[in-house]
Each structure stands twice: as structure tokens, then as C-alpha cells.
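Only one structure is covered here, and it is reproduced in the block below.
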Amino acid sequence: MLDQSFLQLFTTEIKRRLFEESQVRLERCLNELSEADIWWRPNENSNSVGNLVLHLCGNARQWILAGLGGAADQRKRQAEFDERGPVSRAELIKKVQQLMSEIDATLDQLTPADIERPIVVQGFNETGMSILIHVVEHFSYHVGQMAYIVKARLDKQTNFYGGINLNNE
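Under our numbering, the first residue of the sequence shown carries the number -13, and numbering increases by one thereafter.
Next up, the structure:
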């Protein structure tokens, strides 16, 4: 069985990746784009930044809040992709901030047993640990898509690492 010190180390890293990296970058992308560009999509087989935000909120609610935290699962996944706007930038940011607040509270309540226990989410057999890893990588993947859209639409850098010497050994 995992101990409390591992759980603390693990959840601290999950929070860092979600709150200090993905959330900050996601909000930066939303703030760079016009309301119209938030809902722009290159074609019908691609998603807009707005769709990606709704999708990440739905996914994290289903996987962390419902799957791991025991909340009711009320996700309507296809609606995340069918939306064409206009859900405003402010409303999207509010949804993300509310989600992150709920994730933070859920992570603070976890026990070592929660990290190891089997949980079925979307028909997948998972553990608490695999759920948290999934959500972190899922955020990273889709926030990368958002950054690409910002760069493609605006021809500008996102500067996620602005002011940091990435060549420092």
C-alpha cells in the first residue's frame, strides 16, 4: 500500500501540472484569441478552442470528480464537440476556474487507498493513479492544440516559457 508521503508528493505534482501549467496556458490562449477565433475551426473534423475547453472540463469532471471523487457523472460528451458558440471567453474561463477549484478540493481529500483502488471510467478499468495521469496528459495534449491554433491564427508566439533560460544546465 502507498503511504501518505507518496500521496502528498504525487498530488502536489498533479496540481503543479494542472494548475500552474495547463490552466495558465489554456487561459493565456483564450485571452489571446478574439471571441470569433475561440470558435474558429479549420474544418468540420477539427475542434475549436472553445470545444477543446468544454471537452477538457467534461473529461476532468468525469474522470476526477465522478470517477475518483464519487460525484454524479452527468457528462454529455458529444455536446462538448457539437457546441458552435458563442460561449464567451469569460464563461469558458469561469468554467475552467470552477473545475480547477473542485479538482483541488477532491485531490485534498484523497487517501493512499484511493490512488490504488480500481475504478471504471468510460468503460476503462483504471486506478486513482491512472486517472490522475490521464487527466494531466489529456490537458497537456489539448492545450498544445490550443497553442497551435493561437500561433496559426495570430502568427505569434505563446511565450509559455518567456523569461526562463531554458538552456541553463
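Heads up, the beta-carbon is just placed ideally off N, CA and C, and yes, glycines get one too. Note that the structure is a prediction, hence the values are computed from the model and not measured.
Item	Value
Do you know how far the Cα of Gln131 is from the Cα of Ser20?	17 Å
Nearest to Ser8 by CA position, among Leu38, Asn31, Arg61 and Ala22, is which residue?	Leu38
Ile105 lies in the beta strand (DSSP E); which residues open and close that run?	Pro104 to Val107
Beta-carbon within less than 7 Å of Leu40's beta-carbon, same chain only, minus the 5 sequence neighbours each way: which residues are those?	Glu66 and Glu69
Run through DSSP, which three-state label would Thr144 get?	coil
Should Gly44 and Arg63 be called a contact, given that it needs their Cβ atoms to be closer than 8 Å?	yes
Please check the pair Glu18 and Val121, which I expect to be a contact at CB under 8 Å, by giving their CB distance rounded to whole angstroms.	With 8 Å as the limit, Glu18 and Val121 do not qualify as a contact, their Cβ atoms being about 24 Å apart.
Can you tell me whether Glu112 is helix, strand or coil according to DSSP?	strand
Measuring CB to CB, does Val82 end up less than 8 Å from Glu13?	yes
Between which two residues does the alpha helix (DSSP H) holding Gln9 run?	From DSSP, Gln9 is part of no alpha helix (DSSP H); its letter is neither H nor E.
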